[in-house]
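S.K.:
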Amino acid sequence: MELTNVKVDGEIPPSSFGSTVHGTISKEKNQSKLLYAINENPPWYLSIFLALQHYLTMIGAIVSIPFILTPALCMSDEDPDRGVIISTMIFVTGIVTLLQATWGVRLPIVQGGTISFLVPTLAILSLPQWKCPAVHEMDAMAEDERKELWQSRMRELSGAIAVSALVQVVLGYTGLVGKILRFITPLTIVPTVSLVGLTLFEHAADTASKHWGIAVGTTAMLTLFSQIMANVTVPFPAYRKGHAIEIRYSQVFRMFPVLLTIAIMWGLCGILTVTNVLEPGHPSRTDVRLGVLTNAKWFYVPYPFQFGLPTVTLSGVLGMLAGVLACTVESLSYYPTVSQMAGAHSPPLHAINRGIGTEGLGTVLAGIWGAGNGTNTFGENVGAIGVTKVGSRRVIQWAALIMIVQGVIGKFGAVFIMIPDSVVGGIFCVMFGMIIAFGLSTLQYVDLRSARNLYIIGLSIFFPMVLCKWMQQHPGSINTGNETIDSTLSVLLGTTILVGGLLGCFLDNVIPGSDEERGLIEWANEMPLGDANINDGTATDYDFPCCMDTLRRWKWTYYIPFLPTYKLHKTS
């Protein structure tokens with residue numbers, strides 16, 4: 005056998021943190037750069053391989069969430085149910101991704117757990133009734149009492165997540181999202197998204213401080229892989245039927261920087277554990293949570309209400325609305341980017357409506373299943389499309405099926421709980437920093453020479469950090485005599501992304517300023533949600549996989565905001 009045809013796989017993608025591709029790129033030109041466009045289906049065996057890449061990319065983003073969530077639920081480090089929560093997240097991610105790619109916005113995107121919901125989650129769990137008991141009190145509890153301790157909190161979160169997501173369902177499927185987002189300007193998005201990362205800095209510090217050397221090493225290695233070595237290609241042999249063995253080059257450091265970093269630093273911690281450089285019981289040892297893996301079930305199928313019927317409180321629902329709003333805006337910023345990367349038409353209004361509605365439906369399912377988190381478009385997987393030059397919808401559908409299968413393997417979820425805390429802390433420093441940067445990147449649309457804009461930016465970011473921190477440290481400070489009102493106000497005033505978003509929105513819409521100064525003109529070009537975005541019948545990439553002829557015959561479907569025939573009558 006001979007080696008022939010050296011090929012390079014991968015190209016520099018647009019930012020995987022939501023920056024929209026600028027300029028007009030024809031669909032034909034974009035498709036010529038793709039190995040497989042949105043409606044093209046690779047062979048099944050190649051689809052599975054490509055799907056595994058998306059799956060591994062998703063895992064790198066989702067495993068960090070339980071490291072903040074489970075301690076707030078009062079779960080011990082050795083609790084095997086922590087693995088169940090990760091498995092549930094993966095399982096729900098698969099279901100929602102399959103729904104979104106097949107019947108939702110129909111773009112090749114992955115829907116899964118998000119950091120944005122952690123901020124209101126922590127605000128809710130900081131209420132006096134949900135604070136964790138003292139360590140010695142929890143140690144004295146029986147196993148059933150410990151389980152009820154965290155499951156009662158999970159039921160509170162599940163109810164808040166599911167009910168608040170109904171707002172997103174309504175906004176999407178009724179088409180109201182376009183009308184409401186006219187008031188959500190760039191100066192509203194900046195504090196809302198940036199405060200997600202700023203609020204969680206203490207959790208990053210607490211986790212990284214378990215061993216600063218390992219944490220800094222993790223951050224440095226992730227920086228090396230994702231930034232310095234992003235364009236470095238690694239050769240590997242490949243065989244195609246009817247052809248000789250080829251040498252292909254892949255940008256593995258760009259595709260899997262998080263996974264490579266975790267694997268290497270986890271291995272280093274393993275060496276330090278075997279050689280006893282880290283003393284027994286040290287949180288950076290790889291065997292400190294070994295009981296989670298040994299006690300986890302081999303197979304466990306997550307099911308609705310597995311932790312009991314969700315409880316619904318006004319404070320929880322209103323608090324979670326902040327996470328819903330942040331996720332809605334973030335997903336909207338991804339849709340135009342993904343459509344161009346996948347060689348599809350720009351998403352029409354009905355696809356945008358359906359995408360947001362389906363995302364809300366997915367978050368409702370996440371609450372019902374007890375994932376402890378909502379769903380959002382994964383920016384990491386958006387970047388993977390640009391690297392692999394594969395925008396096929398079928399690949400994402402295969403990835404969703406892999407997630408569903410892996411979600412029922414209990415041991416698999418337990419493995420990720422064993423990642424040393426200091427490694428996760430190093431990952432947090434990068435992830436939370438990028439969330440802040442993503443929020444600040446929206447400032448590109450506004451005039452930063454304007455004293456008006458600088459005032460709004462500074463106040464809407466700093467004031468929530470002051471107020472919300474004080475509220476969480478003084479949970480009994482609001483006392484109106486009505487417990488429901490007290491809890492509701494405490495959660496709302498203790499959720500930074502809600503306070504910052506509302507303050508930014510209010511100031512930007514009240515303080516006089518021109519549309520150009522506020523960034524509304526350029527922002528409107530990025531978010532075409534008005535009446536100009538009509539359905540001329542050419543964007544067939546977003547049609548349902550079946551029944552389209554029937555829908556076109558039924559004229560009443562032209563008035564349903566989430567159907568592919570919406571507004572088709574305007575150009576008929």
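Residue 114 in my numbering sits at position 110 of the sequence shown, with consecutive numbering throughout.
Cβ atoms here follow ideal geometry from the backbone N, Cα and C, with glycine treated the same way.
Owing to the predicted nature of the structure, the values given are computational and were not obtained by experimental measurement.
(1) Kindly indicate which three-state DSSP category R453 falls into: helix, strand or coil?
(2) Report the three-state DSSP secondary structure of P241 (helix, strand or coil).
(3) Please report how far the alpha carbon of C550 lies from the alpha carbon of P241, in whole angstroms.
(4) Per DSSP, T381 is paired with what?
(5) Which of helix, strand or coil does DSSP assign to F229?
(6) Give the range of the beta strand (DSSP E) segment to which R186 is assigned.
(7) Helix, strand or coil: which one does DSSP assign to R157?
(8) Cα separation between N380 and A248?
(9) Assess, as a yes-or-no matter, whether the stretch 46–63 is touched by the stretch 267–285 under the definition of 3 or more beta carbon pairs within less than 8 Å.
(10) What does the alpha-carbon distance come out to for the pair N193 and G505?
(11) Check the DSSP bridge columns for Y40 and list the partner residues they point to.
(12) Leaving out five residues before and five after L577 in sequence, what residues of the same chain have Cβ atoms less than 7 Å from its Cβ?
(13) Out of curiosity, what's the CA-to-CA distance linking G347 and I94?
(14) Since I413 sits in a beta bridge, which residues does DSSP pair it with?
(15) Can you list, in chain order, the residues of its chain with a C-beta nearer than 6 Å to that of F467? Leave out the 5 residues immediately preceding and following it.
(16) Of all the options L458, G176 and A441, which has the alpha carbon lying nearest to the alpha carbon of V197?
(17) How about F432: is its Cβ closer than 7 Å to a heavy atom in the ligand GTP?
(18) With DSSP collapsed to three states, give me the class of I254.
(19) Pull up the distance between the alpha-carbon of R397 and that of G312, whole angstroms please.
(20) Assign G285 to one of two classes, buried (16 or more other C-beta atoms within 10 Å of its C-beta) or exposed (fewer than that).
(21) Just mark G323 as buried or exposed, buried being the case when its beta carbon has 16 or more other beta carbons within 10 Å.
(22) If I'm right that L282 touches S288 with Cβ under 8 Å, what's the distance once you round it to whole angstroms?
(23) Do you know offhand how far A455's Cα is from C433's?
(24) I'd like the span of the alpha helix (DSSP H) that includes W373, first residue to last.
(25) Can you look up D143 in the DSSP assignment and give me helix, strand or coil?
(26) Considering R86, what are the terminal residues of the alpha helix (DSSP H) in which it resides?
(27) Enumerate in chain order the residues of its own chain whose CB-to-CB distance from A403 is below 6 Å, with the five nearest sequence positions on each side excluded.
(28) Which residues in the same chain as T28 place their Cβ atom closer than 8 Å to its Cβ, once the five residues preceding and following it in sequence are excluded?
(29) What whole-angstrom Cβ distance do L493 and I99 have, given they're in contact under 8 Å?
(30) On the premise that G327 lies in contact with S162, defined as a C-beta separation below 8 Å, what is that separation, rounded to the nearest angstrom?
(31) Can you tell me where the alpha helix (DSSP H) with W270 in it begins and where it stops?
(32) Quick check: what's the CA-CA separation for I389 versus V109?
(33) Which value, in whole angstroms, describes the spacing of the CA atoms of V238 and R159?
(34) Between which two residues does the alpha helix (DSSP H) carrying Q344 extend?
(35) Just the C-alpha distance for R557 and V495, rounded to the nearest angstrom, thanks.
(36) Any idea what DSSP makes of S30, helix, strand or coil?
M.R.: This is what the structure holds:
(1) As a first step, residue 453 must be located in the sequence shown, where it is residue number 449. It is coil, neither helix nor strand.
(2) Within the sequence shown, residue 241 is the residue found at index 237, counting from 1. Reduced to three states, the DSSP call for P241 is strand.
(3) Counting from 1 along the sequence shown, the entry for residue 550 is found at position 546. Counting from 1 along the sequence shown, the entry for residue 241 is found at position 237. So the two alpha carbons sit approximately 40 Å from each other.
(4) Within the sequence shown, the letter at position 377 stands for residue 381. Per DSSP, Q115.
(5) The residue you call residue 229 lines up with position 225 of the sequence shown. Correct three-state label for F229: helix.
(6) For the purposes of this step, residue 186 is identified with residue 182 of the sequence shown, where counting begins at 1. Element bounds for R186: n/a, residue is neither H nor E.
(7) The residue you call residue 157 lines up with position 153 of the sequence shown. In this structure, R157 counts as helix in the three-state DSSP scheme.
(8) As a first step, residue 380 is located in the sequence shown; it is residue number 376 there, counting from the start. As a first step, residue 248 is located in the sequence shown; it is residue number 244 there, counting from the start. Going from the Cα of N380 to the Cα of A248 covers about 42 Å.
(9) no
(10) Taking the sequence shown and counting its residues from 1, the one referred to as residue 193 is at position 189. Taking the sequence shown and counting its residues from 1, the one referred to as residue 505 is at position 501. Per the sequence shown, the amino acid found at residue 193 is Ile instead of Asn. Each residue's Cα considered, the two are about 7 Å apart.
(11) What you label residue 40 is simply residue 36 of the sequence shown in a count that begins at 1. Paired residue(s): V394.
(12) This structure does not reach residue 577, given that the chain is present from 5 up to 576, and the question cannot be answered.
(13) Looking up residue 347 in the sequence shown gives position 343. Looking up residue 94 in the sequence shown gives position 90. Taking the straight line from one Cα to the other gives about 28 Å.
(14) Translated into positions along the sequence shown, residue 413 becomes position 409. Its beta-bridge partners are F303.
(15) Within the sequence shown, numbered from 1, the residue matching residue 467 stands at position 463. Same-chain partners within the cutoff: there are none.
(16) Along the sequence shown, read from residue 1 onward, the residue named residue 197 stands at position 193. Checked all of L458, G176 and A441; the closest Cα to V197 is A441.
(17) For the structure depicted, the ligand GTP is absent and the ligand set is empty, with no information on it obtainable.
(18) Taking the first residue of the sequence shown as position 1, residue 254 is located at position 250. The question names Ile, but residue 254 in the sequence shown is Ser. In the structure shown, S254 sits in a strand (DSSP, three-state: E or B).
(19) On the sequence shown, position 393 is the one that residue 397 refers to. On the sequence shown, position 308 is the one that residue 312 refers to. Distance between the alpha carbons of R397 and G312: 35 Å.
(20) Locating residue 285 in the sequence shown gives position 281, where the first residue counts as 1. Answer is exposed; the Cβ neighbour count stays below 16.
(21) Locating residue 323 in the sequence shown gives position 319, where the first residue counts as 1. That one is buried.
(22) On the sequence shown, residue 282 is found 278 positions in, with the first residue counted as 1. On the sequence shown, residue 288 is found 284 positions in, with the first residue counted as 1. Indeed they touch by this definition, with Cβ atoms about 6 Å apart.
(23) Position 451 of the sequence shown holds residue 455. Position 429 of the sequence shown holds residue 433. Roughly 31 Å between the two C-alpha positions.
(24) As a position in the sequence shown, residue 373 is number 369, starting the count at 1. Unbroken alpha helix (DSSP H) run through W373: L353 to W373.
(25) The residue labelled residue 143 in the question sits at position 139 within the sequence shown. D143 falls in the helix class under three-state DSSP.
(26) Taking the first residue of the sequence shown as position 1, residue 86 is located at position 82. R86 -> alpha helix (DSSP H) spans D85 to T106.
(27) As a working note, residue 403 is residue 399 in the sequence shown. Within the same chain, A403 has close Cβ partners A55, H58 and Y59.
(28) For the purposes of this step, residue 28 is identified with residue 24 of the sequence shown, where counting begins at 1. Residue confidence for T28 is low, a pLDDT of 40 falling below 50, so the modelled location carries little weight; the figure read from the coordinates is stated next. Correct list: empty, nothing qualifies.
(29) The residue given as residue 493 occupies position 489 in the sequence shown. The residue given as residue 99 occupies position 95 in the sequence shown. Wrong, their Cβ atoms sit about 35 Å apart, outside the cutoff.
(30) Within the sequence shown, the letter at position 158 stands for residue 162. Within the sequence shown, the letter at position 323 stands for residue 327. The pair is not a contact, with the Cβ atoms about 14 Å apart (cut-off 8 Å).
(31) As a working mapping, residue 270 is identified with position 266 in the sequence shown. It spans P261 to V278 - the alpha helix (DSSP H) in which W270 sits, taken as one unbroken run.
(32) Residue 389 sits at position 385 when you count from the first residue of the sequence shown. Residue 109 sits at position 105 when you count from the first residue of the sequence shown. Straight-line Cα distance between these residues: approximately 16 Å.
(33) The residue given as residue 238 occupies position 234 in the sequence shown. The residue given as residue 159 occupies position 155 in the sequence shown. The straight-line gap from Cα to Cα measures roughly 47 Å.
(34) Residue numbering aside, residue 344 sits at position 340 when the sequence shown is read from its first letter. Note, Q344: alpha helix (DSSP H), L318 to M345.
(35) Residue 557 sits at position 553 when you count from the first residue of the sequence shown. Residue 495 sits at position 491 when you count from the first residue of the sequence shown. So the two alpha carbons sit approximately 49 Å from each other.
(36) One-based indexing of the sequence shown puts residue 30 at position 26. Summary for S30: the model assigns pLDDT 46, below 50, so the residue's position carries little reliability; its value from the coordinates is reported in the next sentence. S30 falls in the coil class under three-state DSSP.
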